[in-house]
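Note that my numbering has the sequence shown beginning at 38, numbered continuously upward.
Each remark here refers to the structure printed beneath this line.
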Amino acid sequence: GYTKLVQENLEEVLEATEGLLTGCDCESSCYRCLRHYGNNLLHASLDRNLAVSLLRHVRYGELPTLTDGERQAALGQLAGLVGLRGLECETDAARVGLAVPLVVTRADGSEIWVDLHHPLVDPDAAESPVAVAAAADLVEYLSLDAYSVRHDLPSAHRALQL
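This is the structure:
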């Protein structure tokens, strides 16, 4: 019964959804925006900012991007975990004329340049300047999506192959 009603009022439903998601001030999700008892097992995975990005892409064709705050929060968590292993890491590191979001230096002195992309954007669709510079300098490069770093930090850490 609700499907026909939603279909007839789709624009209003999408507008109300966007207002609900953007009007909340929680970090990721809460009972005011996305959480309810029925999705209790998914609470750790819910992300209202990701939902807003998807909604705006579908509605307006906006290409999702990361804010500086989202980038810094995700990279801060990863850098903190890497630092616990006693390895040096530097955020917004100046290399060959550009800022590399994260540079991890292994014990042998080799570097891994880490770039971060929005989880809804295919990193292979548009070549990253960091990837191009890493290939030119023969430096190992890794592209991670911000959602995985924020919600599955152990997997992001494993991807570094330290």
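Beta carbons: idealized from backbone N, C-alpha and C, even for Gly.
Quick caveat: nothing in here was measured; it's all calculated off a predicted structure.
If you check the CB distance, residue 111 and residue 187 come in under 7 angstroms.
Taking C-beta atoms as the reference points, residue 126 and residue 116 count as a pair closer than 7 angstroms. Secondary structure note for residue 102: it is in no alpha helix (DSSP H), with a DSSP letter that is neither H nor E. Non-local C-beta neighbours of residue 165 in its own chain, meaning closer than 7 angstroms and more than five positions away in sequence, comprise 152, 180, ordered along the chain.
By the Cβ-count criterion, residue 76 is exposed, with fewer than 16 other Cβ atoms from all chains shown falling within 10 Å of its own Cβ. Cβ neighbours of residue 157 within its own chain (closer than 8 angstroms, five residues either side excluded): 87, 90, 91, 94, 101.
Between the alpha carbons of residue 196 and residue 62 lies a gap of roughly 31 angstroms.
Residue pairing from DSSP places residue 130 in a beta bridge opposite 137.
DSSP places residue 176 in no beta strand (DSSP E); its state is neither H nor E. A distance below 8 angstroms between beta-carbons, with the five flanking residues on each side excluded, links residue 83 to the following residues of its chain, in chain order: 65, 66, 71, 72, 76. In the DSSP assignment, residue 153 is bridged to 181. For residue 48, DSSP records no beta bridge to any residue.
Separation of residue 129 and residue 47 (C-alpha to C-alpha, rounded to the nearest whole angstrom) is 42 angstroms.
Among the bridge pairs identified by DSSP, residue 148 is matched with 142. With fewer than 16 other CB atoms across the displayed protein chains lying within 10 angstroms of its CB, residue 45 is exposed.
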